[in-house]
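See structure below.
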Amino acid sequence: MSAKTSQRVAKTLCWVAGLSTLALLFFLLFYVLWRGLPAVNLRFLLSKPESMGRSGGIFPTIVGTLALTLVAIVIAVPAGVGTAIYLTEYTQESTLTRLIRFGTDSLAGVPSIIFGLFGFVFFVITLKMSWSILAGGLTLAMMILPTVVRTSEEAIRAVPHDLRQASFALGATRWQMVTTVVLPGALPGIVTGIVLGIGRSIGETAAVILTAGSSLGLPTSLLSPVRTMAVHFYILAREGISDQAAWGTGAVLVICVLLINVVINWLIGRMVVRR
Amino acid sequence: MFRERLIRYLLLLVAFSALGSLALITLFIFKEGLPLIVKVGLWRFIFGSDWSPSRGSFGILSMIIGSLWVTAGALIFGVPLGVAVAIFTAEFAPPALTAAVRPLIQLLAGIPSVIYGFVGLTVLIPRIQRYLGGPGPSALAGAMVLAVMILPTIVSISEDSIRAVPREYRDGALALGATQWQTIWRVVLPAARSGILTSVILGMGRAIGETMAVIMVVGNALAIPFSPLQSVTTLTSNIGLEMAYATGDHRRALFATGVVLFVIIMALSMSASVMSRGSARR
């Protein structure tokens with residue numbers, strides 16, 4: 001093959017790969033919305049499921065999803081942002097920081113089913129939390145921790161160095177400098193990490209089903225078992241309880257994912273503009 | 001000043017949360033799983049092909065092979081496609097298109113795995129059955145669904161490493177009269193190879209560890225597969241399905257399966273971090 005032909009063939013193939021991936025994405029989104037949206041209305045969102053989810057709505061699963069996500073965020077964000085602050089502002093590259101990074105990177109690669117097994121034996125059984133919002137939320141917090149650490153660290157590093165110097169020159173202590181200069185500057189990036197974490201919490205199934213259970217009741221406390229939307233979707237779909245209700249739940253999930261991505265891109269856009 | 005010191009120590013403590021989590025997970029998964037591996041014997045556990053919890057027979061060979069089939073298939077479909085997309089966005093696409101494509105590829109990563117599973121079940125499986133034969137739910141279906149799921153990992157890391165190749169490399173090759181594609185193939189890709197390999201290893205980890213999507217499309221038959229159209233069970237799908245009701249030794253055997261999975265994943269994580277450190281040094 002001549003150089004010119006191979007150039008043309010390769011370029012065409014790469015275009016085909018790029019465009020067909022986009023086509024695949026749009027197909028996925030439109031297919032789920034097309035199958036699911038007809039079932040979604042205010043009553044579907046705000047009423048309780050009847051006969052195992054065959055009819056009725058998904059309200060308790062929305063509450064369950066929100067509760068789990070909230071617990072996960074409340075725990076993972078201080079831990080994750082704190083780790084990022086320590087790594088960037090309080091220490092230099094050393095064996096210790098490499099060890100901490102190794103832990104973060106490895107945790108990011110651990111499959112959700114392993115988190116599920118761990119959460120089950122540790123939170124549910126050993127700490128006697130039973131299947132609950134607390135056990136599920138703590139498990140999710142561990143899962144999203146690496147995301148929060150990475151995005152926060154990147155955002156904090158992007159804050160210009162002279163701003164820190166200026167703050168020190170004005171007599172600020174390190175912590176004052178962090179809270180008045182670094183964190184406000186890195187806020188959009190940190191929020192991006194949080195929103196990514198929310199996205200992961202909403203879509204997670206394997207870890208949640210083993211730690212929060214699949215009870216369809218409305219939770220009354222942090223120790224109540226709940227069923228999230230993703231788990232509800234899985235059970236309806238897999239056990240063939242109701243395709244219509246399953247796709248309806250799936251459509252709500254996909255809409256959440258789309259909204260989250262819009263927010264993230266808006267935030268990233270803001271960061272780029274400011275720099 | 002006391003307050004500053006206190007804050008420093010608190011942050012140090014917090015900084016260990018990820019590492020501590022990893023340690024706790026390792027400890028508890030091994031504590032639950034290892035005794036059964038010892039009882040059955042490592043060799044018989046891994047190379048035994050009979051899994052009958054009711055008779056106390058625990059061999060996970062068919063699941064290991066099932067996992068290998070779907071993961072290898074996912075890489076066969078996903079890596080060429082993902083690298084091609086990365087080359088497209090980094091080298092060929094006009095900047096405006098690249099700016100639009102990047103967030104869309106990331107959107108692919110945000111779609112919950114159960115959605116991939118159910119779309120695979122309703123769209124892909126009937127077509128596999130009609131056009132290729134077999135029962136439908138199969139290693140092939142699992143591989144195709146996983147290939148899409150690992151695309152974001154492969155595309156984003158490969159693209160970053162392609163972009164990180166210095167401009168002068170390209171200019172040098174082009175100045176010598178190479179076409180754009182010769183430049184990419186002979187200069188850019190070799191220079192970006194450690195990043196691309198890292199993306200493949202991380203994608204592989206995702207494919208091996210994925211559970212819910214796989215459960216929905218592979219059929220979960222407990223036999224050693226001989227064709228990609230046969231139904232398989234993977235390490236993860238078996239844990240995901242049987243944890244719902246397992247007790248006693250059966251449950252411990254599922255944790256033992258988790259131990260095997262965990263060791264594979266940690267080995268992949270470590271090679272990925274060695275690999276990316278190699279590229280950072282260059």
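Those sequence lines, one after another, are chains A and B.
So in my numbering, spot 39 of the first sequence is number 39, and the numbers just go up one at a time.
So in my numbering, spot 243 of the second sequence is number 243, and the numbers just go up one at a time.
By construction, the Cβ of each residue, glycine as well, lies at the ideal position given by its N, Cα and C atoms.
- Within chain B, the residues placing a beta-carbon under 7 Å from that of residue 79 (chain A) are 14, 17, ordered along the chain.
- Burial is judged here by how many other beta carbons sit within 10 angstroms of a residue's own beta carbon; residue 95 (chain A) has fewer than 16 and is exposed.
- Residue pairing by DSSP places residue 58 (chain B) opposite B:51 in a beta bridge.
- As for any alpha helix (DSSP H) of minimum length 4 sitting wholly inside the region 54 to 128 of chain A, the runs are 59 to 89, 95 to 109, 112 to 119, ordered along the chain.
- Of the residues assessed, residue 231 (chain B) falls on the buried side of the cut-off, its CB having 16 or more other CB atoms within 10 angstroms.
- Taking the C-beta atoms as reference points, residue 80 (chain A) is found no nearer than 7 Å to residue 32 (chain A).
- The C-beta of residue 123 (chain A) has 16 or more other C-beta atoms within 10 Å across all chains shown, which makes the residue buried.
- Inter-segment contact for the region 130 to 146 of chain B and the region 220 to 236 of chain B is present: three or more beta-carbon pairs are separated by less than 8 Å.
- DSSP, read as helix, strand or coil, puts residue 225 (chain B) in coil.
- Between residue 143 (chain A) and residue 115 (chain A), the C-beta gap is smaller than 7 Å, which places the two residues in contact.
- Residue 205 (chain B) and residue 268 (chain B) have their C-alpha atoms roughly 6 Å apart.
- Under the Cβ criterion of 7 Å, residue 199 (chain A) is counted among the residues facing chain B.
- The beta carbons of residue 85 (chain B) and residue 230 (chain A) sit no closer together than 7 Å.
- Contact between the region 144 to 163 of chain B and the region 82 to 96 of chain B is present: three or more C-beta pairs spanning the two stretches fall below 8 Å.
- At a C-beta separation below 7 Å, residue 105 (chain A) has these neighbours in chain B: 269, 273.
- For residue 142 (chain B), the secondary structure class from DSSP, reduced to helix, strand or coil, is helix.
- Ranking A:267, A:167, A:241, A:256 by CA distance to the CA of residue 55 (chain A) puts A:241 first.
- For residue 50 (chain A), the beta-bridge partners assigned by DSSP are A:55.
- Contacts between residue 41 (chain A) and chain B, judged by CB atoms closer than 9 Å, are missing: the closest CB pair is about 21 Å apart.
- Comparing C-alpha distances from residue 19 (chain B) to each of A:239, A:110, A:176 shows the shortest one belongs to A:110.
- Counting along the chain, the unbroken alpha helix (DSSP H) around residue 169 (chain B) starts and ends at 167 to 175.
- Residue 257 (chain B) has its alpha-carbon roughly 11 Å from the corresponding atom of residue 242 (chain B).
- Pairwise C-beta distances place the region 63 to 75 of chain A in contact with the region 135 to 142 of chain A, as three or more of them are shorter than 8 Å.
- In chain A, no part has a C-beta under 7 Å from the C-beta of residue 37 (chain B); the shortest such distance is about 15 Å.
- Residue environment analysis places residue 160 (chain A) among the exposed positions, since fewer than 16 neighbouring C-beta atoms fall within 10 angstroms of its C-beta.
- In the structure shown, the three-state DSSP call for residue 171 (chain A) is coil.
- Close to chain B, meaning a Cβ-Cβ distance shorter than 7 Å, are the following residues of the region 87 to 111 of chain A: 87, 90, 99, 100, 102, 103, 104, 105, 106, 107, 109, 110, 111.
- Taking a Cβ-Cβ cut-off of 7 Å, residue 172 (chain B) has no neighbours in chain A, whose nearest Cβ is about 17 Å from it.
- Against residue 113 (chain B), the close residues of chain A are 112, 203, 204, 205, 206, 230, in the order they occur along the chain (beta-carbon pairs closer than 9 Å).
- In this structure, residue 21 (chain B) lies near residue 107 (chain A), with their beta-carbon atoms less than 7 Å apart.
- Within the same chain, 149, 152, 153, 156 come within 6 Å of residue 84 (chain A) by CB-CB distance, once the 5 residues on both sides are set aside.
- Contact check for residue 151 (chain B) and residue 108 (chain B): beta-carbon distance about 6 Å, within the 8 Å limit, so the pair qualifies.
- A Cβ-Cβ distance of about 36 Å is found for the pair residue 211 (chain A) and residue 269 (chain A), leaving them out of contact under the 8 Å criterion.
- Within the same chain, Cβ atoms closer than 7 Å to the Cβ of residue 255 (chain B) are found at 29, 32, 33, the five residues on either side in sequence being excluded.
- Straight-line spacing of the CA atoms in residue 228 (chain A) and residue 22 (chain A) works out to 29 Å.
- Chain-ordered, the chain A residues with CB closer than 7 Å to the CB of residue 89 (chain B) read 18.
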